[in-house]
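Worksheet: the structure to be examined is printed underneath.
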Amino acid sequence: MEREHQIRVFTEMASHTPARIGVGRTGTRPLTEEMLKLRLDHAEAVDAVYGVVSPATLEAFQLFTVDTRFGDKDLFLKRPDNGRLLTEEAASLLLQRCVLKPQVQIVISDGLSARAVDDNLADILPALMDSLEVNHLTSGTPFFVRGGRVGCMDDIGRLLEPEVLVMLIGERPGLLAASSMSAYMCYKPRPGRRDSERTVISNIHRRGTLPVEAGAHIGSLLLKMIEQQMSGVNLVL
Numbered sequence: 007m008e009r010e011h012q013i014r015v016f017t018e019m020a021s022h023t024p025a026r027i028g029v030g031r032t033g034t035r036p037l038t039e040e041m042l043k044l045r046l047d048h049a050e051a052v053d054a055v056y057g058v059v060s061p062a063t064l065e066a067f068q069l070f071t072v073d074t075r076f077g078d079k080d081l082f083l084k085r086p087d088n089g090r091l092l093t094e095e096a097a098s099l100l101l102q103r104c105v106l107k108p109q110v111q112i113v114i115s116d117g118l119s120a121r122a123v124d125d126n127l128a129d130i131l132p133a134l135m136d137s138l139e140v141n142h143l144t145s146g147t148p149f150f151v152r153g154g155r156v157g158c159m160d161d162i163g164r165l166l167e168p169e170v171l172v173m174l175i176g177e178r179p180g181l182l183a184a185s186s187m188s189a190y191m192c193y194k195p196r197p198g199r200r201d202s203e204r205t206v207i208s209n210i211h212r213r214g215t216l217p218v219e220a221g222a223h224i225g226s227l228l229l230k231m232i233e234q235q236m237s238g239v240n241l242v243l
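Position one of the sequence shown corresponds to residue 7 (the numbering used here), numbered consecutively onward.
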């Protein structure tokens, strides 16, 4: 009876979270099924980091691509500072193709999970555009940054001078969420901005903060930033 009660408790807990709860063991070893699931989740996390965003995803929203100075994936992981700066070619292309000094600038980046863009962009971006319209905000020319880190929003801000910028970027994948996205927002991003001056919605995926809900919420946050002329920890929500 005691064992049956434990099984019911663990089953109930497991129904509310993807975390590994009550997975069981055989002696000192984990069960084969659970070990295989763990290895599969680890493989998916690695694939998310080293993967590339599907061209079809970018074409669906007519996003052109610019690069940071990340070099390649291995260097990107070892030198995050390279992902915070655009190449000279990227800077020139932005000045040619983007609206300057927009009210809202939308940027999409693979970051540490290309899969996050593939899995979530189709839901979050239309919801974000609708939210901007509802809040009477206008946006500039959206584009995709390959090999981007959060800090590259400051370099973009230096070039395009938006009033607010929102970056939809792939999060570092975990064993339970290989396709999680974050939305980083900043009022007048410029080089030298601190992390505390940015506002973020994290854990955006189908088993976390739903992409549609996140997109709908971003517009109201951007409006508050413009009204209060600030973002980050000082923003009054």
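From the three backbone atoms N, C-alpha and C, an ideal C-beta is built for every residue, glycine too.
The region 83 to 129 contains, as complete alpha helix (DSSP H) runs of 4+ residues, the segments 94 to 103 (chain order). Rounded to whole angstroms, residue 16 and residue 193 show a C-alpha spacing of 45 Å.
Looking at the DSSP output, residue 150 bridges to 71, 114. With contact defined as three or more Cβ pairs closer than 8 Å, the region 149 to 167 and the region 113 to 131 are in contact. Taking a contact as a CB-CB distance under 8 Å, the pair residue 168 and residue 217 does not count as one, their CB atoms being some 22 Å apart.
With a beta-carbon spacing of about 17 Å, residue 143 and residue 243 fall beyond the 8 Å limit used to define contacts.
In this structure, the straight-line span from the alpha carbon of residue 123 to that of residue 10 is close to 42 Å.
Judged by DSSP in its simplified three-state form, residue 176 adopts strand. Looking at 132, 81, 183, 236, the one whose alpha-carbon comes closest to that of residue 50 is 183. In the pairwise beta carbon analysis, the region 218 to 238 is classified as touching the region 133 to 140: at least three pairs are separated by under 8 Å. In the structure shown, residue 236 adopts coil according to DSSP, grouped into three states. Annotated three-state conformation of residue 189 is strand, per DSSP. When 20, 186, 127, 77 are compared, the shortest CA-CA separation from residue 68 is found for 127. In the DSSP assignment, residue 205 falls within the unbroken beta strand (DSSP E) covering 204 to 210. In its chain, beyond the 5 residues on either side, 241, 242, 243 have a beta carbon closer than 8 Å to the beta carbon of residue 230.
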